Amino acid sequence: DIVDINMGCPVPNIIKSGEGCALTRDLPLASEIIEACKRSGKVVTVKFRPGMNRKNIVVSEFAKMCEASGADMITVHGRTRDMMYDGEPLYECIEAAKNAVNIPVIANGGSYSEEDAVKMMDRTGADGVMIARYGMENPMIFSELTGKETGETKYSLMMEQINIAQSCFDETAAMDYIRKLASYFMKKIPGTKALKQEMYMCGNMQELRNVTAKIFGETEKQDA
156 DIVDINMGCP
166 VPNIIKSGEG
176 CALTRDLPLA
186 SEIIEACKRS
196 GKVVTVKFRP
206 GMNRKNIVVS
216 EFAKMCEASG
226 ADMITVHGRT
236 RDMMYDGEPL
246 YECIEAAKNA
256 VNIPVIANGG
266 SYSEEDAVKM
276 MDRTGADGVM
286 IARYGMENPM
296 IFSELTGKET
306 GETKYSLMME
316 QINIAQSCFD
326 ETAAMDYIRK
336 LASYFMKKIP
346 GTKALKQEMY
356 MCGNMQELRN
366 VTAKIFGETE
376 KQDA
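Position one of the sequence shown corresponds to residue 156 (our numbering), numbered consecutively onward.
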């Protein structure tokens, strides 16, 4: 098991409470958090952004602080807080973090294909690439990158997740989770607005299972 600390979240309400990317403005507090987690005896990793904006880049200092505080690995999302999830990653910032520390550095942000991942590695010298939100939109990206076909599809993965959700959560929480996951899965599928509405009209998990099966089963037939 590991403790993975997210100090890169750019969401406004997180920033207002001094969490997420706001910690790039408070290195002493960030250090305290890492040290406290390290006392658990587990491997500690930290994900962060280069800074709040391009005028306040602290990526090298933050990376060094993470290492000095006991982090075993860092992940750098290559966009500042004000960039949110848009725009070309600041490759030079990830490279700067890599050059600043001796622990593994993982590059994150803007990798949507094998070409993007290779470009990220080449431009930054990072030890690896993390695919985050896009993995929710296209979960097959991982087998595409490794060349190891698993035979899994969005349909089979959704059915698996429904079973997991039902075993882990009560019905309300399970339905909320599946609706959110399905919305990600449908992002690249045209003409799904009505299907999403149908999904939110479901009154119980069995209805949601049936609608989800219809959505992704039909999508597979169209792609075949």
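By construction, the Cβ of each residue, glycine as well, lies at the ideal position given by its N, Cα and C atoms. Just so it is clear, the structure is predicted and the values come from calculations on it, not from any experiment.
Subject >> Beta-carbon proximity check, residue 296 vs residue 302, cutoff 7 Å >> reply: Not a contact, by the Cβ cut-off of 7 Å.
Subject >> Residue closest to residue 179, alpha-carbon to alpha-carbon, out of 191, 192, 247, 165 >> reply: 165
Subject >> Length of the line joining the Cα atoms of residue 217 and residue 370 >> reply: Their backbone Cα atoms lie some 45 Å apart in a straight line.
**OP:** Mind checking who residue 265 pairs with in its DSSP beta bridge?
**Re:** Looking at the DSSP assignment, residue 265 forms no beta bridge with any residue, so it has no partner.
**OP:** Enumerate in chain order the residues of its own chain whose CB-to-CB distance from residue 325 is below 8 Å, with the five nearest sequence positions on each side excluded.
**Re:** Cβ neighbours of residue 325 beyond the five flanking positions: none.
Original post:
For residue 206, does the three-state DSSP call read helix, strand or coil?
Top reply: DSSP places residue 206 within a strand segment (E or B) once states are collapsed to three.
Original post:
How long is the line joining the alpha carbons of residue 251 and residue 307, rounded to whole angstroms?
Top reply: 38 Å
Subject >> Contact under 7 Å by Cβ, residue 351 with residue 292 >> reply: No, the Cβ-Cβ distance between residue 351 and residue 292 is not below 7 Å.
Subject >> Extent of the continuous alpha helix (DSSP H) run through residue 158 >> reply: Per DSSP, residue 158 belongs to no alpha helix (DSSP H); it is in the beta strand (DSSP E), 157 to 162.
Original post:
Can you round the beta-carbon distance between residue 259 and residue 239 to whole angstroms, since I take them to be within the 8 Å contact cut?
Top reply: At roughly 26 Å, the Cβ-Cβ gap does not stay under 8 Å, so residue 259 and residue 239 are not in contact.
Original post:
Where are the alpha helix (DSSP H) runs, 4 residues long or more, that stay fully inside the stretch 227 to 308, in chain order?
Top reply: 246 to 255, 269 to 279, 289 to 292, 296 to 301
Original post:
Between the stretch 268 to 282 and the stretch 190 to 202, do three or more beta carbon pairs fall short of 8 Å?
Top reply: Taking 8 Å as the limit for Cβ pairs, the verdict is that the stretch 190 to 202 does not touch the stretch 268 to 282.
Subject >> Closest residue to residue 175 among 226, 243, 206, 309 (Cα-Cα distance) >> reply: 206
Subject >> Spatial distance of residue 379 from residue 361 (CA atoms) >> reply: Any reading at residue 379 is ruled out, since the residue's pLDDT is 45, under 50, leaving its predicted position unreliable.
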